[in-house]
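Start counting the sequence shown at 2; every next residue gets the next number (the numbering used here).
Beta carbons: idealized from backbone N, C-alpha and C, even for Gly.
Fair warning: this is a prediction, and the values are worked out from it, not measured in the lab.
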Amino acid sequence: MMKKTVMLLAIFAFLPAYITMAFAEPVEEIPTITIASNSDVEFDEVPNLENYPFEIIAGSFELMNSGETQLLISQSEWTDEQMADYKQRHQSLPIVLTLGAFSDLKEATLAQQAEVFSGRSGDKLLYLYLTANMDKEKKEALGLHFTQTLQAWFSKRNLMVLPEAVQQQNLVALGLRDAQFEGGYK
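Shown next as structure tokens:
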């Protein structure tokens with residue numbers, strides 16, 4: 002009789018843990034997104050996204066073109082040949098967002114900002130290339146994080162922050178806003 006009582010007590014002691022394990026919601030691990038970068042900016046302390054955690058590794062056009070990564074941060078604009086090669090392989094062009102400019106002008110006028118971000122001044126720009134067929138929610142979250150949320154972070158690393166016009170271009174490229182033209186909308 003004593004053995005049966007001990008056995009029943011052991012079963013009842015284990016039962017709550019078994020029920021909890023059997024019926025608990027599985028905790029889904031969020032995969033880390035790999036972003037390639039070939040810029041001089043040190044991304045070791047970049048604030049991350051909770052829903053779309055990412056890691057930034059050294060890389061170039063080849064990593065994105067091969068499909069090993071869906072995002073590339075670059076301080077060089079892709080050539081026409083690279084764009085054509087990417088389009089041929091992926092059947093679409095990447096979304097290109099401007100993140101900032103490597104310029105000594107920190108307190109620039111609107112005219113100076115326009116000159117820098119047009120590329121006419123010779124200052125290098127920092128770009129984010131995103132695969133166009135990426136999940137829409139992920140693409141928007143990452144695009145907004147880099148083009149809006151991280152502007153103060155980029156400024157601390159001596160990049161000229163984006164003027165309003167370039168921010169609007171980024172929103173249009175992400176599909177979050179319609180293109181606006183002087184005198185109305187398209």
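Three-state secondary structure (DSSP) at residue i?
i	result
Glu-63	helix
Leu-175	coil
In the DSSP output, what is residue i paired with across the bridge?
i	result
Ser-75	Asn-39, Tyr-128
Kindly indicate which residue of the options has the alpha-carbon position closest to the one of residue i.
i	options	result
Glu-63	Thr-150, Ala-153, Phe-55, Ala-37	Ala-37
Pro-164	Asn-52, Leu-111, Leu-172, Gly-120	Leu-111
Thr-33	Glu-141, Glu-51, Val-47	Glu-51
Gly-60	Ala-115, Glu-46, Ser-75	Ser-75
Gly-120	Phe-103, Ile-31, Glu-108, Thr-35	Phe-103
Glu-46	Arg-178, Arg-158, Asn-171	Arg-158
Asn-66	Leu-94, Met-161, Leu-177	Leu-94
Asn-134	Gln-92, Leu-143, Asp-179	Gln-92
Asn-49	Ala-166, Leu-151, Ala-174, Leu-177	Leu-151
Gly-176	Phe-155, Val-162, Ala-115, Lys-140	Lys-140
Gly-123	Asp-105, Ser-40, Val-162	Asp-105
Leu-160	Asp-41, Glu-30, Glu-138	Asp-41
Glu-56	Ile-31, Glu-78, Thr-80	Ile-31
Ser-77	Leu-98, Gln-114, Glu-108	Leu-98
Report back the beta-carbon spacing between residue i and residue j to the nearest angstrom; my notes put them in contact at under 8 Å.
i	j	result
Gln-71	Leu-131	7 Å
Leu-100	Leu-145	Contact flag wrong, Cβ pair sits at about 12 Å.
Val-173	Phe-118	The Cβ separation is near 15 Å, so there is no contact.
Ala-142	Tyr-53	5 Å
Quiz item: Hey, which unbroken runs of the alpha helix (DSSP H) at 4 residues or more fall wholly within the region 80-144?
Solution: 81-91, 111-119
Quiz prompt | Uninterrupted beta strand (DSSP E) stretches inside the region 31-65 (no shorter than 3 residues) | solution = 34-39, 55-59
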